[in-house]
Each structure stands twice: as C-alpha cells, then as structure tokens.
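Under UniProt numbering, the residue at position 362 of the sequence shown is numbered 362, and the numbers go up by one with no gaps. By construction, the Cβ of each residue, glycine as well, lies at the ideal position given by its N, Cα and C atoms.
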Amino acid sequence: MNNLTELQPGRFHRLRFLEELMLQNNQLGGIPAEALRQLPSLQSLRLDANLISLVPERSFEGLSCLRHLWLDDNALTEVPVRALNNLPALQAMTLALNRIRHVPDYAFQNLSSLVVLHLHNNRIQRLGTHSFEGLHSLETLDLNHNDLREFPVAIRTLGRLQELGFHNNNIKAIPEKAFMGNPLLQTMELSHNGIEELPSLHRCQKLEEIGLQHNRIWEVRADTFRQLSSLRALDLSWNSIRSIHPEAFATLRSLVKLDLTDNQLTTLPLAGLGGLKHLKLKGNPALILEVPYAYQCCAYGVCAGLFKASGQRGADVLHLEDEEPPKGPLGLLAGQAESHYDLDLEEMEDTKPHPRVQCSPVPGPFKPCEHLFESWGVRLAVWAIVLLSLLCNGLALVAFSDMDLVLEASEAGRPPGPETYGFLTGTLVSCPQPESPRPQGSHLVEPEGTHFGNQQPPMDRELLLRAEGAAPGGGGVAAGRGIQPSGSAFASHL
Numbered sequence: 001m002n003n004l005t006e007l008q009p010g011r012f013h014r015l016r017f018l019e020e021l022m023l024q025n026n027q028l029g030g031i032p033a034e035a036l037r038q039l040p041s042l043q044s045l046r047l048d049a050n051l052i053s054l055v056p057e058r059s060f061e062g063l064s065c066l067r068h069l070w071l072d073d074n075a076l077t078e079v080p081v082r083a084l085n086n087l088p089a090l091q092a093m094t095l096a097l098n099r100i101r102h103v104p105d106y107a108f109q110n111l112s113s114l115v116v117l118h119l120h121n122n123r124i125q126r127l128g129t130h131s132f133e134g135l136h137s138l139e140t141l142d143l144n145h146n147d148l149r150e151f152p153v154a155i156r157t158l159g160r161l162q163e164l165g166f167h168n169n170n171i172k173a174i175p176e177k178a179f180m181g182n183p184l185l186q187t188m189e190l191s192h193n194g195i196e197e198l199p200s201l202h203r204c205q206k207l208e209e210i211g212l213q214h215n216r217i218w219e220v221r222a223d224t225f226r227q228l229s230s231l232r233a234l235d236l237s238w239n240s241i242r243s244i245h246p247e248a249f250a251t252l253r254s255l256v257k258l259d260l261t262d263n264q265l266t267t268l269p270l271a272g273l274g275g276l277k278h279l280k281l282k283g284n285p286a287l288i289l290e291v292p293y294a295y296q297c298c299a300y301g302v303c304a305g306l307f308k309a310s311g312q313r314g315a316d317v318l319h320l321e322d323e324e325p326p327k328g329p330l331g332l333l334a335g336q337a338e339s340h341y342d343l344d345l346e347e348m349e350d351t352k353p354h355p356r357v358q359c360s361p362v363p364g365p366f367k368p369c370e371h372l373f374e375s376w377g378v379r380l381a382v383w384a385i386v387l388l389s390l391l392c393n394g395l396a397l398v399a400f401s402d403m404d405l406v407l408e409a410s411e412a413g414r415p416p417g418p419e420t421y422g423f424l425t426g427t428l429v430s431c432p433q434p435e436s437p438r439p440q441g442s443h444l445v446e447p448e449g450t451h452f453g454n455q456q457p458p459m460d461r462e463l464l465l466r467a468e469g470a471a472p473g474g475g476g477v478a479a480g481r482g483i484q485p486s487g488s489a490f491a492s493h494l
C-alpha cells in the first residue's frame, strides 16, 4: 500500500516487458486513459481495493495480452462495458464488492475468452436478457449476495457453464427449463433465497453438488432430481419440506451426502439412497429413527437429559445464532483460489442449533450413553451385591475346608473337639516334686490331671498322639509334666 491517488500518463512507458502490475490497496479514484497504454506484455493487473468509480473507454487500450483483471472492492456503479471491449485475451475478471445495480445487455460481448466472472457482493437487482451474450468460454459465474428478484434467465446462453452461484438473493421462483442451456453444470449454489418450488433438473446430468438450504421448499417431486446420476451432495436443509416423492432419489446412484436438517418430514423414502455415507435428519420432530440397539441412539445426542421417562423427547434449551458460515468463493484463477464450491461436511454443517432426532429404543439406566450404570442407586446396589457375594463365598470356603477335619475325626471313632477346628487345647498335669515329701496319713488324693477342653474318652496311644499333634516315635508323652499343647494351633490347610 503506497497511498497512490492518481496515475500519471506515460509513467510505465519504458516497461514494455512488464507482465504483472499490482496497484491494489491504494487511493486511486480513476484510471487515466493513457496510463496503461504502453504495456503490451501485461498479463495480470490488480486494481482492487481502491476508490475507482469510473473507468474511461480507452483505459485498457493496447493491453492485448491481459488475462487477469481485478476491479473488486471499488466504488463502481456500473459495468465498464466500453473499456472491457478492448480485452480479447481476458480469462478471469472480478467486479465484486462494488455498487453495481444493473448489468445491461451485451455487457461482455467481446470477452469470448473469459472463463471466470465474479459479480458477487454488489447491489444487482436486474440482469438483461442478453447480459451474458458472447461469453462462449465462461465456466464460473458468481452472483452471490446481490438483490436479484428474478431468476437470471440470461444464463441460458452459457453453454459451457460448470459452476453457478447466486445464494443470498431474493429469488422466489425458478422457471421450468431454466437450466436447459447449461448441460455441463456441475455445481449449483441456490441457498438463502425464497424459493418455494423446484423445476426439473434432469437436463443437467453432470451436476455433482446442489445447495438449496435456507429456502421455502415444501415438496420434492419425482422428476426434480431425476437422472442426476452424477450427483454426490444434496443439501435441502432448513426448508419446509413435508413431502418427498417415493421415487425422488431413485436414480441418484452416486449420492453420498444428503442433508434434510430442520424440515417437517414424517417419512423418508430410501429408494436410491443405498450409497449414502452422510445423512442428516436433525430437526424433523415427527421423524423417529429406529435402530437395533439402544446405544446406537447415542450418536444422535440421545441422553438421559434429553428424554423423559416415557421415552418422549424432552425440551431442548437452545440459543439460536444468526451467523451463517461463509461460503467458499468461486475460483478466480486456476491453482490460485478455490475453483469450486466444497459442499463437504464442514460446508454443509450449519451453526444454528436444531432439535434432536427422536431415536428408538431410548437408552435407559442399563443401556446409557456415557456410563455402564448411569444411576447411582443402581451402581450402589451392584457394589453391595458384589461385596455380599464375596463374603458368602469366603464363609462357604472356610466351612467346607473344616468339614474335612470333622469327617476325619468321625472316622476315628471320636466326636470332633475344639482341636478339630484348629483351636488350642492343653492338658494340665500335677506332678509330685522329688524334694517335697508326701505328708503321712494324708487322705488327700491328687487327681491324675486336670484337662482343659472337652473330656476325651480313653483311646490308644496312637490315636492320642494323632489327636494331640504329638509325633510318633518321639519317646511317648513327654513325661507328663507341665501344660502340654494339644492339637494344631491352626488347621494345616488354613
């Protein structure tokens, strides 16, 4: 940016081999008639982002090699028809972001080599019936963000047109056979208008992408998209569609993306939709999606907070946003900018919220979206059952292991005692001391022994040793002195 306010005539007369001249982002108010005349090799001229309101008739005289011309973001109020007649080699031109209100007939009649034409973001209300006459090579036409009230029938003369965009206008209807002269059309962006009915598009068999979102379409007829075998992406979101003919999509063999968000559908015909990879049906209150398993409803935002206990959809608290994501611009130059609209997921995605899809069966406490058991009551009950089962199983193991000892004692012919269960038993024996003489004439008779625990019946030595835990071959009972430990302190298997 150099803040240039004017171009002096003859300033570039010595630059005869100059191919690219960039004068954008200055304060130029006009183009002198002879300022650019002596640049016969010039191929690219940028005059965008200035204050140009007038382009004299001879401004581009002598620029026979000029291919690319930027005049966007200026103050033009009309198309510089006479100045453009001197550019036979021009291939790409943008007049966007100006104040043009009308495009007259034969405005571009000498631009037979023009491939890309941008007229978006102007104030165009009307196009002449022959406005595009002579544009035999035009492939991309951008009329987005204007004030068109009627469909531009002038496009019928564009036999090589491949990309057409006039979204964000005020077009209410599209006449029948509107695209009869555009058999090569591949991308069509007609969103954000007031279109209520669609004509048959069967003559545009090369169509791959159609954007019709944010209109007032209420019906899709059987012949609307018939024979569009190349169509890959179709956006019909944010309309008022109540009825779709059962055969409306039957011939769309290549369709992989279909957006029907926020309509009034009650049924959806599936004929021809076998190849779909992306299907959007949010915001159709009467449409219920049935899936085999409840968890599959989670992908559609079906959570406990969005559904009531009866299975009906709860009210969503939504804050609508008015902003619309910007559309990708039509390409001005091949390899330098986007050459076509991309109706991929990002472009087809709308930022405005909408009601959720009703999905059946509804995820419940035992089949939630986020957790295995979403209810805390169910979780605590499950934990209580687990702990109780562990305790009971542990007691059962102890009981069955002690039963082996009981059976072993029973087979030996004695009742089970405490030592059978691993409790400590002992025998208290009082032995006379050698140095302590026994009193004479005493009638006191010392007991042979005092036993703690159950009284044991007489049994042979081997059984006694076995029951009391004494090792055979250990020299018999150890002299019968003191307290003898009897039995094992704990069961050997514990």
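Which same chain residues end up closer than 6 Å to residue i when comparing Cβ atoms and leaving out the 5 residues on each side of it in sequence?
| i | result |
| --- | --- |
| Asn122 | Asn98, Ile100 and Asn146 |
| residue 513 | Lying before the first or after the last residue shown, residue 513 is absent from the chain, which here runs from 1 to 494. |
| Cys204 | Phe179 and Leu185 |
| Leu119 | Leu95 and Leu143 |
| Ile210 | Met188 and Leu234 |
| Leu54 | Gly30 |
| Ser71 | The sequence shown places Leu at residue 71, not Ser. Within the same chain, Leu71 has close Cβ partners Leu47 and Leu95. |
| Leu236 | Leu212 and Leu260 |
Distance, Cα to Cα, residue i vs residue j?
| i | j | result |
| --- | --- | --- |
| Arg242 | Leu201 | 20 Å |
| Tyr136 | Cys298 | A small fix is needed here, since residue 136 is His in this sequence, not Tyr. So the two alpha carbons sit approximately 53 Å from each other. |
| residue 503 | Glu290 | It is not possible to answer for residue 503, since the shown part of the chain is limited to 1 through 494. |
| Glu57 | Ile31 | 10 Å |
| Lys172 | His192 | 10 Å |
| Leu388 | Phe400 | 18 Å |
| Pro361 | Asn284 | 17 Å |
| Gln8 | Leu15 | 14 Å |
| Val96 | Ala286 | It should be pointed out that residue 96 corresponds to Ala in this sequence rather than to Val. The straight-line gap from Cα to Cα measures roughly 43 Å. |
| Ser113 | Ala250 | 39 Å |
| Arg149 | Thr266 | 32 Å |
| Leu51 | Glu6 | 11 Å |
| residue 519 | Asn74 | Because the chain spans 1 through 494 in this model, residue 519 falls outside it and cannot be assessed. |
| Phe17 | Gly194 | 51 Å |
| Glu19 | Leu63 | 10 Å |
| Phe151 | Gly10 | 45 Å |
| Leu252 | Leu270 | 11 Å |
| Gly272 | Val220 | 15 Å |
| Ser131 | Asn169 | 18 Å |
| Val116 | Arg160 | 11 Å |
| Leu141 | His13 | 35 Å |
| Ile288 | Thr261 | 14 Å |
| Thr157 | Gly134 | 8 Å |
| Leu397 | Gln358 | 52 Å |
| Gly394 | Asp259 | 60 Å |
| Gln38 | Glu78 | 26 Å |
| Ala35 | Leu138 | 29 Å |
Take residue i and list the residues in its own chain whose beta-carbon comes closer than 7 Å to its own, dropping the five residues that flank it on each side.
| i | result |
| --- | --- |
| Arg126 | His102 |
| Asn85 | Asn110 |
| Trp218 | Glu196, Ser240, Ile241 and Arg242 |
| Ala222 | His245, Glu247 and Ala248 |
| Ser230 | Gln205, Lys206, Leu207, Glu208 and Ser254 |
| Leu190 | Phe166, His167, Gly211 and Leu212 |
| Ala33 | Pro56, Arg58 and Ser59 |
Would you call residue i buried or exposed, if buried means 16 or more other Cβ atoms sit within 10 Å of its Cβ?
| i | result |
| --- | --- |
| Asn162 | This sequence places Gln at residue 162; Asn is not what is there. It counts as buried. |
| Met22 | exposed |
| Thr224 | buried |
| Asn215 | buried |
| His167 | buried |
| Val386 | exposed |
| Arg226 | buried |
| Gly377 | exposed |
| Val382 | exposed |
| Asn239 | buried |
| Gly165 | buried |
| Leu76 | buried |
| His68 | buried |
| residue 500 | An answer regarding residue 500 cannot be provided, because it is not within the stretch 1 to 494 covered by the chain. |
Under 8 Å Cβ to Cβ from residue i, same chain only, skipping five residues before and after it: list those, please.
| i | result |
| --- | --- |
| Val256 | Arg232, Ala233, Gly275, Leu276, Lys277 and His278 |
| Leu66 | Leu42, Gln43, Ser44, Leu45, Phe60, Leu87, Ala89 and Leu90 |
| Gln27 | Asn3, Leu4, Thr5, Asn50 and Leu51 |
When the cut-off is 9 Å and only beta carbons count, does residue i lie next to chain C?
| i | result |
| --- | --- |
| Asp72 | Checking the listed chains, one finds no chain C in this structure; it contains a single protein chain. |
Ranges of the beta strand (DSSP E) found wholly within the region 37-111, counting only runs of at least 3: 44-46, 68-70 and 92-94
Could you tell me which uninterrupted beta strand (DSSP E) segments, each at least 3 residues in length, are contained entirely in the region 241-265, listed from first to last along the chain? 257-259
Considering only residues of the region 116-147, which uninterrupted beta strand (DSSP E) runs meet the minimum length of 3 residues and lie entirely inside it, listed in chain order? The qualifying runs are 116-118 and 140-142.
List, from N- to C-terminal side, the beta strand (DSSP E) runs of 3 residues or more that fit wholly inside the region 4-28. 20-22
Hey, which unbroken runs of the beta strand (DSSP E) at 3 residues or more fall wholly within the region 180-229? 187-189 and 209-211
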